[in-house]
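Step one of this worksheet: look at the structure below.
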């Protein structure tokens, strides 16, 4: 089960802890896909394995932030588009 998964806008926009937490990357991506998620924005510094994202057909945007950092308003607006 994904850690802290919840919808901000039901069926449209969700958030969760890093999908690779606890070494469960493949399982987490499978669960996201099974729940209808088709795009991922990652804010961690390392990002996610591109080969696994491609395997599930996810659209992917990596905006590396330091731990507990937040995107600038410009970065947030760019990824919403």
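In the working numbering, the protein residues as written are 3 to 83. Backbone N, C-alpha and C fix where the C-beta goes; we use that ideal spot for every residue, glycine too.
Hey, how far is the Cα of residue i from the Cα of residue j?
i, j, result
"residue 81", "residue 8", "19 Å"
"residue 22", "residue 11", "23 Å"
"residue 61", "residue 24", "23 Å"
"residue 37", "residue 29", "12 Å"
Of all the options the options, which has the alpha carbon lying nearest to the alpha carbon of residue i?
i, options, result
"residue 65", "75, 57, 58 and 56", "75"
"residue 68", "18, 46 and 33", "46"
"residue 19", "43, 56 and 58", "43"
"residue 32", "72, 73, 6 and 56", "56"
"residue 54", "27, 48 and 79", "27"
"residue 39", "79, 48, 58 and 50", "58"
How would you call residue i, buried or exposed, if buried means at least 16 neighbouring beta carbons within 10 angstroms?
i, result
"residue 87", "An answer regarding residue 87 cannot be provided, because it is not within the stretch 3 to 83 covered by the chain."
"residue 52", "exposed"
"residue 63", "exposed"
"residue 15", "exposed"
Would you say residue i lies against chain C (beta-carbon separation less than 7 Å)?
i, result
"residue 41", "The structure shown has no chain C; it contains just one protein chain."
Just to confirm my understanding: we take residue i, look at its own chain, exclude 5 residues before and 5 after, and list those with CB closer than 6 Å. What are they?
i, result
"residue 70", "none"
Looking only at its chain, what residues have a beta carbon closer than 7 Å to the beta carbon of residue i, apart from the 5 residues adjacent to it on each side?
i, result
"residue 17", "8 and 10"
Unbroken stretches of the beta strand (DSSP E), 3 residues or longer, contained in the segment 4-46: 8-11, 15-17 and 41-44
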